[in-house]
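**Student:** I'd like to ask some things about the structure below.
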Amino acid sequence: MKFVSLFIALLIGFGLGAGALWFHQGGTAGQGGGSSEREVLYYQHPHNPTIRSDEPRKDEMGMDYIPIYAGDEGRDDDPDVLRISPVVVQNMGVRTAEVERGALHRQISTVGFVEVDEAAQSHVHLRTEGWIEDLRVRTTGERVTAGEVLFRLYSPALVSAQDELLQTLRRNGNAGPARERLRALGMPADAIRQVEQQGRALNLVPVKAPQDGVVQALNVAEGMFVQPGTEVMSIADLSRIWVIADLFEHQSDAVREGLDAEVHFPFRPGETLVGSVGYIYPTLASPTRTIRARITLDNPDGRLKPGMWTDVHIDGESTEPVLHVPAEAVIRTGRQDRVVTMEEEGRFRVHEVRVGRRAGDRLEILEGLQVGARIVTSGQFLIDSESSVTVSLARLQAAAEADDGSVAAEGRINHVDPEARQVNLDHEPIAELGWPAMTMDFEVAEDVALTDLEPGDPVIIHIREREDEEYVYELTHIERLADPTGETDDAPDHDAHTGHDH
Numbered sequence: 054m055k056f057v058s059l060f061i062a063l064l065i066g067f068g069l070g071a072g073a074l075w076f077h078q079g080g081t082a083g084q085g086g087g088s089s090e091r092e093v094l095y096y097q098h099p100h101n102p103t104i105r106s107d108e109p110r111k112d113e114m115g116m117d118y119i120p121i122y123a124g125d126e127g128r129d130d131d132p133d134v135l136r137i138s139p140v141v142v143q144n145m146g147v148r149t150a151e152v153e154r155g156a157l158h159r160q161i162s163t164v165g166f167v168e169v170d171e172a173a174q175s176h177v178h179l180r181t182e183g184w185i186e187d188l189r190v191r192t193t194g195e196r197v198t199a200g201e202v203l204f205r206l207y208s209p210a211l212v213s214a215q216d217e218l219l220q221t222l223r224r225n226g227n228a229g230p231a232r233e234r235l236r237a238l239g240m241p242a243d244a245i246r247q248v249e250q251q252g253r254a255l256n257l258v259p260v261k262a263p264q265d266g267v268v269q270a271l272n273v274a275e276g277m278f279v280q281p282g283t284e285v286m287s288i289a290d291l292s293r294i295w296v297i298a299d300l301f302e303h304q305s306d307a308v309r310e311g312l313d314a315e316v317h318f319p320f321r322p323g324e325t326l327v328g329s330v331g332y333i334y335p336t337l338a339s340p341t342r343t344i345r346a347r348i349t350l351d352n353p354d355g356r357l358k359p360g361m362w363t364d365v366h367i368d369g370e371s372t373e374p375v376l377h378v379p380a381e382a383v384i385r386t387g388r389q390d391r392v393v394t395m396e397e398e399g400r401f402r403v404h405e406v407r408v409g410r411r412a413g414d415r416l417e418i419l420e421g422l423q424v425g426a427r428i429v430t431s432g433q434f435l436i437d438s439e440s441s442v443t444v445s446l447a448r449l450q451a452a453a454e455a456d457d458g459s460v461a462a463e464g465r466i467n468h469v470d471p472e473a474r475q476v477n478l479d480h481e482p483i484a485e486l487g488w489p490a491m492t493m494d495f496e497v498a499e500d501v502a503l504t505d506l507e508p509g510d511p512v513i514i515h516i517r518e519r520e521d522e523e524y525v526y527e528l529t530h531i532e533r534l535a536d537p538t539g540e541t542d543d544a545p546d547h548d549a550h551t552g553h554d555h
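Take any residue in the sequence shown, count from 1 to its spot, add 53: that is its number in my numbering.
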């Protein structure tokens, strides 16, 4: 037993940074000099509350026993509470905050990119076949103005239709159908008037820019033969542009059309452009799995170029009143989330929580806390780690004390039947008995109390084969543990078994 005690002490010394911190579960922290007026009932081992002394002394690691004062001894009954020395709390720099209830103001920060305003874009097509002559636009990116000649088109069909119009006019006939044919072939109205006034056909018909803008695409060259349907070029007005912001799915419920948005461009540091969300696209962008929101910005100087990346901040909608805490207070392990509460000075408890939405540095709490609770925002990782060490220590201690031939194991209560003196529980694999993790019914020895056990309680159990009946096992000891993690081992087989099956 001396070797086991020394091993336990060494384990605790390693887990707590070679004695830098000292914790104990269910105990009471040592007091400062101002506590000398209080009556000391006894001194308690810093790691094992069952070891007591009437006089001050040190443990195997050279750490002082903790004085227990009158009025504090009843607090040792709660196994879920961790007691930490006020001196250690101060050295750890523990900070706390209250759980609050209120609306969360959600600020969405994301990235976006500049696109051409599709409503300010036009395409130049031909309605008849012909040859490109006198091409005035040679490269993409050239700026053009509305009415400017882009190129001239030689089309035999247009020349023939003009001759038909002139012949009709010479006969003083109805020229309406001939004019409609020219318009259908894409001849501008001013060119038709010019033909009528001059009395001769235009071999080269001018094609003009439909709007101001920049040539985004140029698909022809001088002398090229083109057919109807060919996009000769496209022109975009960049005096107004779109910023397309990417939103993650969990952010989409905070954004709606009409919300204010701020756009920052890396090449214009310190400058903020203000716009609003004009449209939210109804489908997800498949490559990125994001929802796109469109923001329209004026660009009179043309410095914002299509393809540029931006930082976007959207003033999202506020939530309904909810419980929320500082995000730094939540310990996120991937499988679950936990927080540490401080019930009073030096007394801490670990809670499993379910978190919801995030707004800046605040996290919504869906389950696990009440408004006004005091939570630890700094140093909680050390406390949470110590809570896990305490559970492991209790298991080691139970194994060391199991000198009656029983085997110690960890489990979780499912059902308690005090009248039949039976419990149903999930236990971990037990190598000593060759058992896998299972759900089992156990008979309980007469001297083991069942009144304080409830479904869900994590426990340390001692299992022993009955002397009067072979292959029948009973529980000779049940010790309720703190449950800092709320996790149970994944059992490969949860078919119900009883203690009689082995």
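Just so you know, even glycine gets a beta-carbon here, dropped at the ideal spot from N, CA and C. Everything numeric in this text was worked out from a predicted model, so none of it was measured.
Along the chain, where does the alpha helix (DSSP H) containing Asp243 start, and where does it finish?
**Tutor:** Locating residue 243 in the sequence shown gives position 190, where the first residue counts as 1. Taken as a continuous stretch (DSSP letters only), the alpha helix (DSSP H) holding Asp243 covers 242 to 251.
**Student:** Which of the three DSSP states, helix, strand or coil, is assigned to Gln304?
**Tutor:** To locate residue 304, count along the sequence shown from 1; it is residue 251. It is helical.
**Student:** Over the uninterrupted beta strand (DSSP E) stretch that includes Thr394, give me the two end residues.
**Tutor:** As a position in the sequence shown, residue 394 is number 341, starting the count at 1. Boundaries of the beta strand (DSSP E) harbouring Thr394: 390 to 397, taken from the DSSP string.
**Student:** For the candidate residues Ile137, Val497, Asp299, Gly331, whose alpha-carbon lies nearest to that of Ala338?
**Tutor:** Taking the sequence shown and counting its residues from 1, the one referred to as residue 338 is at position 285. Minimum Cα distance to Ala338 is reached at Asp299.
**Student:** Below 6 Å, is the gap between the Cβ of Leu271 and the nearest heavy atom of the ligand GDP?
**Tutor:** For the structure depicted, the ligand GDP is absent and the ligand set is empty, with no information on it obtainable.
**Student:** Which word fits Thr341, buried or exposed, when buried means at least 16 other C-beta atoms lie within 10 angstroms of its C-beta?
**Tutor:** The residue you call residue 341 lines up with position 288 of the sequence shown. Result: exposed.
**Student:** Relative to the C-alpha of Gln143, which candidate in Pro471, Glu398, Val403 has its C-alpha closest?
**Tutor:** For this step, residue 143 is matched to residue 90 along the sequence shown. Checking every option, the nearest Cα to that of Gln143 belongs to Glu398.
**Student:** Examine the Cβ distances between the segment 109 to 124 and the segment 374 to 383 and report whether three or more of them are shorter than 8 Å.
**Tutor:** The segment 109 to 124 makes no contact with the segment 374 to 383, as fewer than three CB pairs between them are under 8 Å.
**Student:** If contacts are defined as beta-carbon pairs under 8 Å, then Ile329 and Leu357 qualify, I think. What distance do you get, rounded to the angstrom?
**Tutor:** Along the sequence shown, read from residue 1 onward, the residue named residue 329 stands at position 276. Along the sequence shown, read from residue 1 onward, the residue named residue 357 stands at position 304. First, the amino acid is wrong: residue 329 is Ser here, not Ile. Not really, about 16 Å apart at Cβ, beyond 8 Å.
**Student:** For the alpha helix (DSSP H) holding Glu217, just list the boundary residues, first then last.
**Tutor:** Walking along the sequence shown from the start, residue 217 turns up at place 164. Looking at the DSSP string, the run of the alpha helix (DSSP H) that includes Glu217 is 209 to 223.
**Student:** I need the straight-line Cα distance from Gly80 to Pro482, nearest angstrom please.
**Tutor:** By one-based count along the sequence shown, residue 80 stands at place 27. By one-based count along the sequence shown, residue 482 stands at place 429. Any answer about Gly80 is weak, because its pLDDT of 41 lies below 50 and its placement is not dependable; what the coordinates show is given next. Taking the straight line from one Cα to the other gives about 31 Å.
**Student:** Tell me which residue opens and which closes the alpha helix (DSSP H) that Ala237 is part of.
**Tutor:** Position 184 of the sequence shown holds residue 237. Note, Ala237: alpha helix (DSSP H), 229 to 237.
**Student:** If we count the other Cβ atoms within 10 Å of its Cβ and call it buried at 16 or more, is Gly266 buried or exposed?
**Tutor:** Position 213 of the sequence shown, counted from the start, is the residue given in the question as residue 266. Buried is the call here.
**Student:** Find the nearest neighbour of Val558 within the set Gly331, Arg533, Val327, Pro322, judged by alpha-carbon distance.
**Tutor:** Missing from the structure shown is residue 558; the chain here goes from 54 to 555 and no further.
**Student:** Taking only the alpha-carbon atoms, compute the straight-line gap between Gly229 and Arg293 and give it to the nearest angstrom.
**Tutor:** Locating residue 229 in the sequence shown gives position 176, where the first residue counts as 1. Locating residue 293 in the sequence shown gives position 240, where the first residue counts as 1. Roughly 40 Å separates the two Cα atoms.
**Student:** Kindly list the residues whose CB is nearer than 6 Å to the CB of Gly355, restricted to its own chain and excluding five residues on each side of it in sequence; keep chain order.
**Tutor:** In the sequence shown, residue 355 corresponds to position 302, counting from 1. Leu291, listed in sequence order.
**Student:** What is the rounded straight-line gap between the Cα of Arg402 and the Cα of Pro511?
**Tutor:** Numbered from 1 along the sequence shown, position 349 holds the residue referred to as residue 402. Numbered from 1 along the sequence shown, position 458 holds the residue referred to as residue 511. Rounded to whole angstroms, Arg402 to Pro511 spans 15 Å at the Cα level.
**Student:** Can you name the residues that DSSP bridges to Pro259?
**Tutor:** Here residue 259 refers to the residue found at position 206 when the sequence shown is read from its first residue. Its beta-bridge partners are Arg205.
**Student:** Assuming Leu528 and Val476 make a contact with CB atoms under 8 Å, what is their CB distance in whole Å?
**Tutor:** The residue you call residue 528 lines up with position 475 of the sequence shown. The residue you call residue 476 lines up with position 423 of the sequence shown. That pair is a contact at about 7 Å.
**Student:** Which one or two residues does DSSP pair with Ser371 in a beta bridge?
**Tutor:** Working through the sequence shown from its first residue, we reach residue 371 at position 318. Paired residue(s): His158.
**Student:** How big is the Cα-Cα spacing for Arg91 and Val393?
**Tutor:** For this step, residue 91 is matched to residue 38 along the sequence shown. For this step, residue 393 is matched to residue 340 along the sequence shown. Approximately 29 Å, taken between the alpha carbons.
**Student:** DSSP puts Tyr96 in a beta bridge; with which residues?
**Tutor:** For the purposes of this step, residue 96 is taken as the residue at position 43 of the sequence shown. DSSP output for Tyr96 lists Ser106, Pro120 as bridge partner(s).
**Student:** Quick one: measure Cβ to Cβ for Asp479 and Gly464, integer angstroms, because I've assumed they're closer than 8 Å.
**Tutor:** The residue labelled residue 479 in the question sits at position 426 within the sequence shown. The residue labelled residue 464 in the question sits at position 411 within the sequence shown. 6 Å between Cβ atoms; contact.
**Student:** Suppose the cutoff is 8 Å on Cβ atoms and the five residues either side in sequence are ignored; what does the same chain contact list for Ala210 look like?
**Tutor:** Within the sequence shown, numbered from 1, the residue matching residue 210 stands at position 157. Taken in chain order, the residues that qualify are Thr181, Glu182, Gly183, Leu238.
**Student:** For Leu206, which option in Val164, Phe166, Gly276, Ile466 has the closest C-alpha, if you only look at C-alpha atoms?
**Tutor:** Here residue 206 refers to the residue found at position 153 when the sequence shown is read from its first residue. For the residues Val164, Phe166, Gly276, Ile466, the minimum Cα distance to Leu206 belongs to Gly276.
**Student:** Could you check whether Val327 and Glu315 sit closer than 7 Å to each other, using their CB atoms as the reference points?
**Tutor:** By 1-based counting over the sequence shown, the position of residue 315 is 262. By 1-based counting over the sequence shown, the position of residue 327 is 274. Yes, Cβ-Cβ distance for Glu315 and Val327 is below 7 Å.
**Student:** Grab the span of the beta strand (DSSP E) containing Gln269 for me, first residue to last.
**Tutor:** Numbered from its first residue, the sequence shown carries residue 269 at position 216. Boundaries of the beta strand (DSSP E) harbouring Gln269: 266 to 271, taken from the DSSP string.
**Student:** Just to confirm the assignment, what range does the beta strand (DSSP E) spanning Arg411 have?
**Tutor:** The residue given as residue 411 occupies position 358 in the sequence shown. Note, Arg411: beta strand (DSSP E), 400 to 412.
**Student:** Roughly how many whole angstroms lie between the Cα atoms of Glu302 and Val424?
**Tutor:** Numbered from 1 along the sequence shown, position 249 holds the residue referred to as residue 302. Numbered from 1 along the sequence shown, position 371 holds the residue referred to as residue 424. When rounded, the distance between both Cα atoms is 29 Å.
**Student:** Sort Asp521, Glu499, Glu520, Glu507 by Cα distance to His530 and report the nearest one.
**Tutor:** By 1-based counting over the sequence shown, the position of residue 530 is 477. If we check each option's Cα against that of His530, Glu499 comes out closest.
**Student:** Hey, out of Glu324, Thr325, Arg345, whose CA is closest to Tyr334's CA?
**Tutor:** Position 281 of the sequence shown, counted from the start, is the residue given in the question as residue 334. Closest by alpha carbon: Arg345.
**Student:** List the endpoints of the continuous beta strand (DSSP E) containing Pro511.
**Tutor:** For the purposes of this step, residue 511 is taken as residue 458 along the sequence shown, with counting starting at 1. Counting along the chain, the beta strand (DSSP E) containing Pro511 begins and ends at 511 to 518.
**Student:** Cβ atoms of His176 and Glu249: under 7 Å apart, would you say?
**Tutor:** As a first step, residue 249 is located in the sequence shown; it is residue number 196 there, counting from the start. As a first step, residue 176 is located in the sequence shown; it is residue number 123 there, counting from the start. Going by C-beta atoms, Glu249 is not nearer than 7 Å to His176.
**Student:** For Ala254 versus Asp216, is the C-beta spacing smaller than 7 Å?
**Tutor:** For the purposes of this step, residue 254 is taken as the residue at position 201 of the sequence shown. For the purposes of this step, residue 216 is taken as the residue at position 163 of the sequence shown. For Ala254 and Asp216, yes; Cβs fall inside 7 Å.
**Student:** So is Val164 buried or exposed if we call it buried at 16+ other beta carbons inside 10 Å?
**Tutor:** For the purposes of this step, residue 164 is taken as the residue at position 111 of the sequence shown. Answer is exposed; the Cβ neighbour count stays below 16.
**Student:** According to the neighbour-count rule (16 or more other Cβ atoms, all chains shown, within 10 Å of its Cβ), is His202 buried or exposed?
**Tutor:** What you label residue 202 is simply residue 149 of the sequence shown in a count that begins at 1. The sequence given here has Val at residue 202, not His. Exposed: under 16 other Cβ atoms inside 10 Å.
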